[in-house]
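Engineer: Throughout, the numbering used here is defined as the position within the sequence shown, counted from one, plus 13.
Glycine included, each C-beta is placed from N, C-alpha and C at the ideal position.
Below is a structure I'd like to ask you about.
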Amino acid sequence: MLQLTSHISLPLAKWMTNSKALQGVWNQENIPFREISRVLGVKRDTDKDVFHIDVQAKIVEASKEPVTKRLLLKLMSKFYDPLGLFAPVTLIVKILFQDTSLSGIKWDELLPPAVAQQWHKWINELQCLEDIRIPRWIGFSETSDVTIHVFCDASERAYDACLYARHTVDTLRRSISYAVEVNWPQ
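Spelled out as structure tokens, the structure:
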């Protein structure tokens, strides 16, 4: 495969697979392989075939700086999550940023104590994200019966839409898989 892609001037890099057989072939051919890699803003562990997020560096960075509107935006932008896997958590800081913008607080002005307290609470709760693992493969097969469930909700602060896929492999085993979630502050 490397010869083919090189021949058409498309050298491939950052190889990933969850196939043990293919990993063995790559090892024999000295093709560099990465077990954990970043994909669409989240980490993918190919050994366990799950997505997860690394928040430790973000927490350390946030705890070193004074709590300002600039820090809110800086940390908020570090959560690149186009799949919306962690949107329920990141929505909180988006609403905090919106509140500070509407209140007229300047970029480098310290946030009021009540807002700073909410910020610190949110930063402390980010630790929980380290333990969350989201399966990449949600288990569909030709023999499974799949139904889609969509939930939507809105408030004065945000709106949300969430899609779940429920699949039944046989009559005894059912599973609900998270498919996508999107939410935004209004």
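Quick one: Cα of Ile21 to Cα of Asn137, how far?
Structural biologist: The alpha-carbon atoms of Ile21 and Asn137 are separated by roughly 50 Å.
Engineer: Quick check on this structure: which residue in Lys56, Glu122, Thr18 and Leu23 has the alpha carbon closest to the alpha carbon of Met29?
Structural biologist: Minimum Cα distance to Met29 is reached at Lys56.
Engineer: Near Leu86, which residues of its chain fall below 8 Å by C-beta distance, leaving aside the five closest residues on each side in sequence?
Structural biologist: So the list reads Phe110, once near-sequence residues are dropped.
Engineer: Going by C-alpha distance, which of Asp67, Lys61 and Val73 is nearest Glu48?
Structural biologist: Checked all of Asp67, Lys61 and Val73; the closest Cα to Glu48 is Lys61.
Engineer: I need the DSSP call for Asp166, collapsed to helix, strand or coil.
Structural biologist: Note: Asp166 maps to strand in three-state DSSP.
Engineer: Under three-state DSSP, which class holds Pro126?
Structural biologist: Pro126: helix per DSSP, three-state reduction.
Engineer: Which full runs of the beta strand (DSSP E) of 3+ residues lie inside the stretch 41-125, going along the chain?
Structural biologist: The stretch 41-125 contains these whole beta strand (DSSP E) runs: 49-52, 55-58 and 63-65.
Engineer: Touching or not, the stretch 67-85 and the stretch 131-151, by the rule of three or more beta carbon pairs under 8 Å?
Structural biologist: As far as the Cβ criterion goes, the stretch 67-85 touches the stretch 131-151, which means the pair count is three or higher.
Engineer: Near Pro202, which residues of its chain fall below 6 Å by C-beta distance, leaving aside the five closest residues on each side in sequence?
Structural biologist: Summary: the structure shown does not reach residue 202, with the chain confined to residues 14 through 199, and so no result is reported for it.
Engineer: Quick test of your reading: Pro148 and Val63, contact by CB under 8 Å. State the CB separation rounded to the nearest angstrom.
Structural biologist: Contact holds; Cβ gap of about 6 Å.
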